[in-house]
Amino acid sequence: MNKALSVFLRGIVIENPLAIIMIGLCSSIAVTTSVANGIGMTAGMVFVLLCSELIISLFRKVIPGNIRMPIFIVVIAAFTTMVDIIMKAYFPDLSKAMGVFIPLIVVNCIIMGRVEAFASREKPVYAVLDSIGMGIGYAWVLIGMSLVRELLGNGTILGFQIMPAGYQPVLFFILPPGGFLVFSLFIALNIALRKLWLRHEASRKGGA
Amino acid sequence: MNKAMLKLGLVLALFAGVACVGLAFVYSLTEERIAAHAQKDLDNALKEIFPDYDDSELVTEELSSADGQIKIDAAYAMKKGGNLVGLAVRAKGPSYGGEAILLSGFSADKRVVRVVVLDLKDTPGLGANAADPAYYVDKPKKITFPGQFAGKSLDDAFEVKGDVVAITASTITSGSLTAIVKASGAAASAYFAKGGRK
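What follows is the structure, encoded as structure tokens:
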């Protein structure tokens, strides 16, 4: 498999940032109480990840090694603040719902982790592919979790009533313990998918 | 050694400078829209509390909060046909997820007219329910958390789990918001006691 494709695909299952690398978990469990929040958080996070990886990768040769962390933080914080301001101006309702989580993107370990482990060493084209792959991996777990939690914990999806009127919402799923439970189920699902994926890859290699 | 440090400092300053310019640019592009949204929110909230007011006057200086943690941002004497119909108080105070801003309306007979949540950073599904128009503390009567203050006398105790119903699993948020309403109410009471400025 060529490098570009493998860099892109890796983040989706094999190295899923949430379920396998297990970084950026606090905000994930906190925001997944409703699907709208999950989508908003994903959009903000992917935008910041993409921009930060691209910029860091472009400037990787002029960033001195011993002050790379503060520089990463400056870049990430600048993009996060931009997302915050733009959301306030153009999507005021979403911005109100996301509240405290947008500023938290700054300290989301996924961005710091990918910038440090990947973008600061690779060419911009791979950094962009990496951020998109990781973004998809983040999105499906995060939005999946919020679907399960909103449906079971509130009986709705995106605010629309899905469960029959007699359904008593299980508040447990909205509360943090429910978040941990749903997250662990997604880890299990992702591990199963990963096994299938790796077996498939091995059998293809063996056959060739 | 010193030269190397200087170079590092300059590189860092350069990155920070560029980030600064970028932020200033985005901010200046969006500043007006954000201010317009905030103004619209305030106008809507004032209309929601006093639907038939035709004039308002800023009387912030005449009110003060007795609670050190709660700050009165702005107060509007709401008028209709030149008569004082009530007082709208915008106050902020600490809550579970950061600062909360409420706009509370009080009528001249010392009752709460309505409370509107202007800004609340809190956990979705829990504390954020305070600002959710579809979350009811009293389901059969469809009364929301801020809705329950309507009609309350300013002489009431304003105690969560006493005369104020808390949001499920969000006692801290409930308590903070109640404290803001209470402090706003006390300030309004004092204003009315002085007779207001007609």
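Protein sequences appear in the order of chains A and B. Residue numbers are given in numbering that gives the first Met the number 0: position 136 of the first sequence equals residue 135, and the series is strictly consecutive. Residue numbers are given in numbering that gives the first Met the number 0: position 34 of the second sequence equals residue 33, and the series is strictly consecutive. C-beta: ideal position from N, C-alpha, C; glycine also. Quick caveat, the model's predicted, so the values are computed rather than measured.
The C-alpha of residue 21 of chain B is placed about 34 Å away from the C-alpha of residue 71 of chain B.
By the Cβ test, the segment 21-33 of chain B is in contact with the segment 78-94 of chain A, since at least three Cβ pairs between them sit closer than 8 Å. Taking a C-beta distance under 7 Å as the contact criterion, residue 118 of chain B and residue 96 of chain B do not qualify as a contact pair. Any Cβ of chain B closer than 7 Å to the Cβ of residue 114 of chain A would place that residue at the interface, and such an atom is absent. With a beta-carbon spacing of about 13 Å, residue 79 of chain A and residue 54 of chain A fall beyond the 8 Å limit used to define contacts. Taking 7 Å as the CB threshold, residue 126 of chain A stays off the interface with chain B. When Cβ-Cβ separations below 7 Å define contact, residue 42 of chain A makes no contact with chain B. Contact annotation: in the segment 64-98 of chain A, residues whose CB is within less than 8 Å of a CB in chain B are 65, 66, 69, 70, 73, 74, 76, 77, 80, 81, 84, 85, 87, 88, 89, 91, 95, 96, 98. Distance from the CA of residue 86 of chain B to the CA of residue 37 of chain A, rounded to the nearest whole angstrom, comes to 39 Å. The continuous stretches of beta strand (DSSP E) do not include residue 63 of chain A, and DSSP gives it neither H nor E. Note that the segment 169-183 of chain B touches the segment 148-157 of chain B; at least 3 beta-carbon pairs, one per stretch, sit closer than 8 Å. Take residue 128 of chain A, set aside five residues on each side of it, and the residues of its chain with a beta-carbon closer than 7 Å to its own are 3, 6, 7, in chain order. Of all residues in the segment 166-184 of chain A, those with a C-beta nearer than 8 Å to a C-beta of chain B are 170, 173, 174, reading in chain order. A buried status is given to residue 133 of chain A, since no fewer than 16 other beta-carbon atoms sit within 10 Å of its beta-carbon.
When the five nearest sequence neighbours on each side are left out, no beta carbon in the same chain lies closer than 6 Å to the beta carbon of residue 43 of chain B. In the structure shown, residue 92 of chain B falls within a strand segment according to DSSP collapsed to helix, strand and coil. Put simply, the backbone Cα of residue 52 of chain A is about 54 Å away from that of residue 51 of chain B. Residue 148 of chain B counts as buried, since no fewer than 16 other beta carbons sit within 10 angstroms of its beta carbon. The C-beta distance from residue 17 of chain A to residue 130 of chain A rounds to 15 Å, too long to fall under 8 Å, and the pair is not in contact.
Under the three-pair Cβ rule at 8 Å, the segment 19-38 of chain A does not count as touching the segment 62-82 of chain A. As for any beta strand (DSSP E) of minimum length 3 sitting wholly inside the segment 5-61 of chain B, the runs are 54-57, ordered along the chain. Rounded to the nearest whole angstrom, the C-alpha separation of residue 49 of chain B and residue 104 of chain B is 8 Å. Sorting A:109, A:174, A:176, A:120 by C-alpha distance to the C-alpha of residue 10 of chain A places A:109 at the top. Between residue 166 of chain B and residue 175 of chain B, the CB-CB gap reaches or exceeds 7 Å.
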